[in-house]
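Data first, discussion second: the structure below is written as structure tokens.
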Amino acid sequence: MRLNRRKFLQVSAGVATAMALSSKKVGAQLKPVVKVGNPLEAYPDRRWEEVYRDQYKYERSFTYCCSPNDTHQCRVRGFVRNGILMRIEQNYDHHKVRDLYGNQADAAWNPRMCLRGMTFPRRAYGPYRNKYPMIRVGWKQWADDGFPYLDKENREKYKFTSRGTDEFVRMTWDQTFTYLAKGHVAIGKAYSGARGAQRLKNEGYQPEMIEAMGGSGARVMKYRGGMGLLGVVGKYGIYRIANMLGLLDSIVRGRGPGQVLGGRAWCNYTWHGDQAPGHSWVHGMQTSDIDFADHRYAKLTIQWGKNLIENKMPEAHWYTEIMERGGTLVAVSPEYNPPATKADYWIPVRAGLSDTSLFLGCAKIIMDEGLVDVNYVKEYTDMPLLVRTDNLIRLHPDDFIPGYRNQDLPKDGFTTKWMKNFNRDKIPDFVVWDSNTDKPVAITREDIGAKMRRKNIDPVLDGVFDVKLVNGKTITVMPLYEMYKIHLKDYDIDTVNQICHAPKDLIVRLARDIGTIMPVEIHYGEGINHYFHATMHNRASYVPLMLTGNVGPKGSGSHTWAGNYKAGNYQGSHWSGPGFASMVAEDPFNPVLDIAKNADWKDIKGYMKGEEVSYWAHRDKALIVNTPRYGRKVFTGRSHMPTPSKLIWFVNVNVINNAKWFYELVFNTNNNVDMIVAQDIEFTGSCEYADLILAPNCWAEFESYEITSSCSNPFHQIWGGTGIKPIFDTIDDNLIHREFSRRLAEVTGDKRFADYMKVYEGEAPNRTKAMIRRLFTTSTSGMGYNIDDIINGKYGEPGCCLLLYRTYPRSPFWEMYTESKPFYTRHGRIQFYNDEPEAIEFGENFIVHREGPEATPYLPNVIVSTNPYIRPDDYGIPEDEQDPDLRHVRNIKKPWSAVRTTKNFLWEKGYRFYCVTPKSRHTAHSSWATTDWNMIWNNNFGDPYRMDKRSPGVGEWQVHMNPFLCKDLGINDGDYVYCDANPADRPYMGWKPSDPRYKVARLMLRAKYNPSYPYHTTMMKHATWQSTERSVKAHEERPDGRAMSMTTPYQSNFRYGGQQSITRSWLMPMQQTDSLFHKAKSKMKFMHGYEADNHAVNAVPKETLVKFSKAEDGGLHGKGLWEPVRTGYTPESPLKDRFAEMYLAGQYVRVKI
């Protein structure tokens, strides 16, 4: 401010007058400080409390579930004043919750809420909220023009090839439902029958994908209820629409019930890379996980690549409290991570799942040192089963006993009594060598544990035997245990140390701890499951546990934590009813119209079919490869086969933004998608590339009842109808689905669409009660409950009850261990070995170490073994092949001595750094990524004032790098860097430096020194809001430099690019078999092959190598050093600050003795 002479004199006079006041008057205004002896005893002035109490005053409160994809589903309390949600607090109610039988949860479940829950009002009222439905201008014009066929010219005309630069306009809900309904009809007609198939062929889709449509246009329509357990009615409810499309197919093709097909139900759990894909190969279950209270029983807990401390904040105390109970904590990870700070010892390993070898090394020590629980191994595992050495398949009785017929299973046994579709002809008997008779003896899948003992069968584990087959040929067989003694010779302590870099003394210590402490549990999650060979790593995690009897007893097991996937909480059975299927698979041709009645199994008819999102992200293709030896070979099993994607509707999920190979999708693949519908509370990166945007209510606004439960706690919860009124022009998810169906009935003239949603008739909050009753009370975990009783608080807290499991806390395989019930495998035992044809062909019949197809310094995808019973097919693909799809499927076996001399071609080209991408403590995947407080907390560069206008927002993303690495590359702490992956396909196919989109897609972010990471391992948190054409244009043209679109409410976490700039799609062959026998996820039923989120492709974003180069200085406005470095306040600053040095040395703490 500049002062003229007149103004200066006026100000000076005022100052002089003030100084002339009497000292008495000044003293009256400036009272001396009153000394307070003990503030807990008395305090002289408490008027400040009026301000505090005024700020915290509220008129009413209500509870709701904070329900993002983090598995916790915390029931929290919102406080309302003047109709505004002022704040959120923990509710401290979980100790009150009971079940039908009086079992009650512990007080230790309290408190439950994290900082994300606290800042939720900033999302509900924030600038990125979807406030009303919208439509893309180009798509609207296409619809208004009558949906002409989208040839190349029309795709450009209506901006399907440039969605990221189009505009949106507001719609009423009435208009929205009309466009939605007409779009469905048009697309269904366009791709049905022979004409539709020819169109798709001309567009270049694989013939196997077109064949999988069965002539139905409904099969090109894809629906995804984003982690539907987070709000079962509204999120999983979209799959009811997918099933309803059997009606649309009936109209379009003129066919009746049983001759039509519905839409494709897109997966969740596997697409996120959250499932542990090896679990179904070991025990036949989708996933093994526990209620966190089961930690109380563990004596040795191993956090294997899992950061429970940061990423399970309401639950982390269960882990740390094991210390108080005398247990041992171990952490295994490449970096010194938060769990390592709590552990008794930390085992560092090379990134990229090198530590599969560590499990096998431990197993060898356990076997060599006699630490095996022999009785457990004989009674519960497949180690005694005989395996043929000629074809590597388990020996069956009919191989050598003429006329053998499978034994009758007991009528009251688990298999015949509980499994709905048990087919004896598809489950053969198996063979052990009995020490009592010294002969091969047939056993059934029921002969485990005490049941085998009662038959007086004592199988041997060692030995080599000859068996004469019914065809007269004599073959050699071995118990699997004998074969593993041969197999594990490759995993001696020196070799394991060289493969995974774990210190030798700690390898031995871990093996002996597992062999001598009981019970033992291993926990992992995305840190493992996000790699290509997670299937093998998961299987390997069971090996030392199965050898020592640590699967089944409480406090034991191998468990995974990532994503609230568990539709199986609403398990259907032949005795309880359909459970989950009541909602998603009721027969649309014959629905139960009396909402007072529940659906029965006769009312269930599934017209929809599951599909893995990963195929869409793989350029909308299956894994079909031209091999040198066999020519064109299909690796995607028939049960897994995707169909072309022409309509995509997703709910409560940022599916496009979080897609692996994001820029390939939005710049190339999605150009061929005719309709993209985003149903979400915020304008995410997925909305940026959508055609229609539907604006639902948030958790605190739900007007009708919603339900949730969890994979990590025992609570079933109902809420809704008591929260705040909707802030904007938004409605409940279930109402969107109901009104769409009614409009589809009007557009087609077929009232059956409306009838199918009659279960949602009536007004809020009771509109959803009938569906909740049908779903929950016909499931094994809810049978016997009354929904009104739960809502009214009969079980301790309004809206809460405990799920009905056999034990509290829930502990997997307790029944198998305690009651000798068979596991969900063909032979009823947990298995070290898989003899499915694909497993043998791929060289994965044994549990073996493999390097990744990209994230390795060695030959990609190589198998490390000399075992003569591993006989993989390499399909004639040479070792120097660089094509990613061929690297997917190549199976080359080598001893470690040879593998260690090989080189990954990418490593040789300078792509020498792993980039691990874990979940952030301040986001739930992409949720909260741009919420202001969380955006500030999430990085070292948060600044609410944005002093450096280069920052995309009040915070930005960073990559953690070893300081020595950065110094070698000339990168200072805080500098901007470019992070690039394989240029052959990333950030998208066909990029050129001159392409304006390449500037949008190339990743630039801040570098942050972090000495806890090894030299070749870097870390960037995942699921950020990517850069888009609009956000980059805004960053470069807005006066304030924010990367927030000027035409949409979209805020990016980056200036350029994003986390997905360095990822691509990988389709792991072992996850695409048709032969794997396992349990269905949400019903008591056996099955083979594909099931969404169960046996399916797992996305693997960590399977990447990157390189770095400096982009800009980190100092203000791109000049010099970042300020904390310049002032000496960072540990690696070249300008050491005395205060910082003393602080790091702990010299500001004085201990009086």
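Under UniProt numbering, the first residue of the sequence shown is numbered 1, with each subsequent residue one higher.
Positions of the beta carbon are idealized from the N, C-alpha and C atoms, including for glycine.
Check each candidate in the options and name the one with the smallest Cα separation from residue i.
| i | options | result |
| --- | --- | --- |
| leucine 308 | Tyr524, Gln1071, Lys411 | Tyr524 |
| glutamate 156 | Asn668, Val954, Tyr58 | Asn668 |
| tyrosine 805 | Ile241, Val441, Ile290 | Ile290 |
| isoleucine 514 | Lys489, Thr560, Pro111, Pro544 | Pro544 |
| arginine 195 | Gly214, Lys182, Glu851, Thr516 | Gly214 |
| serine 686 | Ser927, Asp620, Asp462 | Ser927 |
| glycine 954 | Tyr869, His295, Ala1043 | Looking at the sequence provided, one finds valine at residue 954 rather than glycine. Nearest C-alpha to valine 954: Ala1043. |
| alanine 754 | Thr627, Ala596, Pro591 | Pro591 |
Once you ignore the five residues that flank residue i on each side, which residues in its own chain have a CB closer than 8 Å to its CB?
| i | result |
| --- | --- |
| aspartate 45 | Val34 |
| glycine 327 | Ala298, Lys299, Leu300, Thr301 |
| glutamate 881 | Arg887, Arg890 |
| valine 470 | Asp398, Asp399, Phe400, Ile401, Pro402 |
| glycine 27 | Model confidence at glycine 27 stands at a pLDDT of 46, short of 50, so the residue's coordinates are unreliable; what they give is reported in the following sentence. Counting only Cβ-Cβ distances below 8 Å, and skipping sequence neighbours, we find nothing. |
| serine 23 | Its pLDDT being 45, under 50, serine 23 is placed unreliably by the model, and nothing is read from it. |
May I ask you to list the residues that DSSP assigns as paired with residue i?
| i | result |
| --- | --- |
| aspartate 980 | Lys1107 |
| asparagine 626 | Arg632 |
| valine 431 | Ala442 |
| tryptophan 266 | Glu611 |
| tyrosine 149 | For tyrosine 149, which the question treats as bridged, DSSP gives no partner whatsoever. |
| phenylalanine 913 | Val1106 |
Can you find the residues in the same chain that come closer than 6 Å, C-beta to C-beta, to residue i, ignoring five residues on each side of it along the sequence?
| i | result |
| --- | --- |
| arginine 1150 | none |
| tryptophan 991 | Tyr998 |
| aspartate 93 | Glu797 |
| glycine 78 | Phe62, Leu85, Ile88, Ala700 |
| lysine 25 | Because lysine 25 sits at a pLDDT of 47, beneath the cut-off of 50, its placement in the model cannot be relied upon, and the following sentence gives the value as read from the coordinates. Answer for lysine 25: no residue qualifies. |
| glycine 828 | Arg445, Ile448, Pro822 |
| glycine 237 | Asn734, His737 |
| aspartate 1137 | Gly1128, Tyr1129 |
| alanine 678 | Ser686, Cys687, Ala690, Ile693 |
| proline 895 | Thr866 |
| arginine 767 | Ser704, Tyr760 |
If we ignore side chains and look at the alpha-carbon of each, how far apart do residue i and residue j end up?
| i | j | result |
| --- | --- | --- |
| serine 541 | phenylalanine 662 | 32 Å |
| serine 741 | lysine 1083 | 27 Å |
| aspartate 594 | isoleucine 727 | 34 Å |
| threonine 1047 | tyrosine 833 | 57 Å |
| tyrosine 978 | leucine 969 | 12 Å |
| asparagine 904 | leucine 859 | 5 Å |
| arginine 629 | isoleucine 499 | 31 Å |
| tyrosine 376 | isoleucine 427 | 23 Å |
| glutamate 761 | arginine 774 | 14 Å |
| glutamine 1147 | leucine 329 | 29 Å |
| glycine 370 | threonine 548 | 10 Å |
| threonine 902 | asparagine 1098 | 27 Å |
| methionine 947 | leucine 1116 | 8 Å |
| lysine 919 | proline 987 | 21 Å |
| isoleucine 681 | glycine 117 | 16 Å |
| aspartate 587 | proline 696 | 27 Å |
| leucine 802 | glycine 552 | 22 Å |
| valine 441 | valine 431 | 5 Å |
| glutamate 706 | valine 80 | 20 Å |
| phenylalanine 8 | methionine 1142 | With a pLDDT of 44 at phenylalanine 8, under the threshold of 50, the modelled position of this residue cannot be trusted, and the question is left open. |
Residues in its own chain within less than 7 Å of residue i by CB, not counting five upstream and five downstream?
| i | result |
| --- | --- |
| asparagine 69 | Met227, Leu230, Gly563, Asn564, Ala924, His925 |
| alanine 1140 | Gly1128, Tyr1129 |
| alanine 107 | His95 |
Pop quiz: residue i and residue j are said to be a contact at Cβ under 8 Å. What is the actual Cβ separation, rounded to whole angstroms?
| i | j | result |
| --- | --- | --- |
| methionine 419 | lysine 1081 | Going by Cβ atoms, the distance from methionine 419 to lysine 1081 rounds to 14 Å, so no, they are not a contact pair. |
| serine 216 | serine 192 | 6 Å |
| threonine 1028 | glycine 164 | 5 Å |
| aspartate 166 | arginine 136 | 5 Å |
| phenylalanine 913 | lysine 1107 | 6 Å |
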